[in-house]
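Protein chains in written order, with my numbering: chain V, 21 to 181; chain E, 2 to 385.
Notes follow once the structure below has been shown.
Here is the structure:
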């Protein structure tokens, strides 16, 4: 992957000046490259990774993985139905899968109730949806490469030769 | 107790007092650490846990388990086109530190002189002394970017000179050598009939060109003791595992001493090392990319705040001059620690000729480095 992307993927707050310093190029060139990545839809947006397990005030969200079996529509295949599904704001991810089912839909809600409600009232009744299997996530250990716990303290001696 | 005159003769580490100062202080940003900030890759840690579960808790062959020696042999052939017989030309040691000790003990006769380029890693001189030899320090000039030259070697040789130590990429300067530069050094080694002890522990962390292993140079394999290990390439410092390769006779001699002192390297570390060689390339590559970025960041940052600094070719150290501050290395380090809570190592830890320099380790996250640079800048402004 492009080095600028690699740096930003790790820390989106790295400034163009710093990226320039790390890669031995100019801030101007880095800014230009980032602009282009944004324009081309390679950089979609910049966001913060929040460990919701630790957010006390609002009770953490419930998340479920839903296997969806569908009958593909003539000419448009799976994409048509996938699009109808992923437009719902409750859906945080949607993948076309190989194997015994077709779409894997990740749904987030306030509680089990909202999620099952979404499945029974929105997802399951859709035309061409042949069946769903819902798996609730009980505990998240790691997400998108990040281990969900407090950063470990540096165990090294503070100075050594 | 009445202690050994020889041990008494070794100069005490003047740096220890400063180290205690750092260790006694809280909330320090440390750029003074000589080991990776990465933890050992999980596959390697997992392999060690598995080996314990399987009951690998015994001694091994003195030389180290044959499978690991074979893996090392294969790795060196693959990476450097360097052939060592796993049977009798490779010895597994407790880190390069032990390997170095064995190497000097295996070659020194009382009174032999060993050339030690300065800046040097702290243990070289004392270990040569303990082995009954005389370290002869070759002061390398900052004007030449702290690089050892063939002329330097010639100037310091006499008929008692037996060997030379070369550590590249270098701790503390980060300096390394191209194949061409090493060839020039090799010529002098041959001319003066010297043994080369080549400490290449940072070899995998070379950023601008391919690392050349010293024994791959023409006619050098027979006169080189090649030292390497897992600490830096695979972030395995605490495992204490390294190796030495060389001609049969010297490896046999080193094995003899090793069997009476260490007996063997810890078996769990040997098992972990096997996994590192087998599946560690990706982790090494990722760490190297990260270090390279930090190098660019730190070097340009230091130059910007007014500490002039060569771009080091490898390892994870920068060795800037602090002469512009008007302070000595030790004063600089102490004041910076006191005023801004940034720790680094005064250059004089690596030889008296390194006065006016400090070692900065970039084995630390970019955010730490960023903050440290801000503090150093503030510190320098306050000095004016």
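Where a beta carbon is used, it is the ideal one built from N, C-alpha and C, also for glycine.
Worksheet item: Under a three-way DSSP split, which group does residue 173 of chain V fall into?
Response: coil
Discussion item. At the 8 angstroms Cβ level, is residue 184 of chain V part of the contact set with chain E, yes or no?
Written reply: Residue 184 of chain V lies beyond the stretch modelled for chain V, which goes from 21 to 181, so this question has no answer here.
Item to complete: With 7 angstroms as the C-beta to C-beta threshold (strictly closer), list the residues of the segment 16-33 of chain E near chain V in chain order.
Response: Residues passing the 7 angstroms Cβ filter: 20, 23, 24, 29, 31, 33.
Fill in: Closer than 8 angstroms to chain E by CB, residue 168 of chain V
no
Worksheet item: How about the segment 261-276 of chain E and the segment 48-64 of chain E: do they share at least three Cβ pairs that are nearer than 8 angstroms?
Response: yes
Worksheet item: Is residue 176 of chain E near residue 210 of chain E, with beta carbons less than 8 angstroms apart?
Response: no
Worksheet item: Just checking my contact of residue 298 of chain E with residue 42 of chain V at CB under 8 angstroms: how many whole Å lie between their CB atoms?
Response: In this structure residue 298 of chain E is in contact with residue 42 of chain V, their Cβ atoms being roughly 5 angstroms apart against a cut-off of 8 angstroms.
Discussion item. Given this structure, state the Cα-to-Cα distance separating residue 112 of chain E from residue 160 of chain E, to the nearest angstrom.
Written reply: 11 angstroms
Worksheet item: By the criterion of Cβ-Cβ separation under 7 angstroms, what are the contact partners of residue 89 of chain E in chain V?
Response: Within 7 angstroms Cβ-Cβ: nothing; residue 89 of chain E doesn't reach chain V, min ~33 angstroms.
Worksheet item: Thinking just about the alpha-carbon of each residue, which of V:178, V:137, V:64, V:123 is nearest to the one in residue 82 of chain V?
Response: V:137
Fill in: Bridge partners - residue 58 of chain V, DSSP secondary structure assignment
Note: residue 58 of chain V sits in no beta bridge, so no partner.
Worksheet item: Where residue 116 of chain E and residue 323 of chain E are concerned, what is the direct C-alpha to C-alpha distance, given to the nearest angstrom?
Response: 28 angstroms
Worksheet item: So which of V:21, V:117, V:38 has the shortest CA-CA distance to residue 63 of chain V?
Response: V:21
Practice prompt. Pick out whichever of E:259, E:327, E:319 has its Cα sitting closest to the Cα of residue 97 of chain E.
Written response: E:259
Worksheet item: Since residue 99 of chain V is in the beta strand (DSSP E), which residue starts that stretch and which ends it?
Response: First-last for residue 99 of chain V: 99-106, but that is the alpha helix (DSSP H), not the beta strand (DSSP E).
Item to complete: Could you name the residues of the segment 34-46 of chain V whose beta carbon sits closer than 8 angstroms to any beta carbon of chain E, in the order they occur along the chain?
Response: Taking 8 angstroms as the Cβ-Cβ cut-off against chain E, the residues of the segment 34-46 of chain V that qualify are 34, 38, 41, 42, 43, 44.
Practice prompt. Could you list which residues in chain V have their beta carbon closer than 8 angstroms to that of residue 8 of chain E, in chain order?
Written response: Near residue 8 of chain E there are no residues of chain V at all, since even the closest Cβ is about 20 angstroms away, more than 8 angstroms.
Discussion item. Taking CB distances under 8 angstroms as the criterion, tell me whether residue 25 of chain V reaches chain E.
Written reply: no
Worksheet item: What did DSSP end up calling residue 155 of chain E once you bin it into helix, strand or coil?
Response: helix
Worksheet item: On the three-state DSSP scale, how would you describe residue 114 of chain E?
Response: strand
Worksheet item: How about residue 129 of chain E: is its C-beta nearer than 8 angstroms to some C-beta of chain V?
Response: no
Worksheet item: Can you name the residues of chain V whose CB is closer than 8 angstroms to the CB of residue 350 of chain E?
Response: Chain order gives the chain V residues near residue 350 of chain E as 181, where near means a beta carbon separation below 8 angstroms.
Item to complete: Mind checking the segment 57-72 of chain E against chain V and listing, in chain order, the residues whose C-beta falls within less than 8 angstroms of any C-beta there?
Response: none
Item to complete: Would you kindly report the start and end of the unbroken alpha helix (DSSP H) that includes residue 306 of chain E?
Response: 282-306
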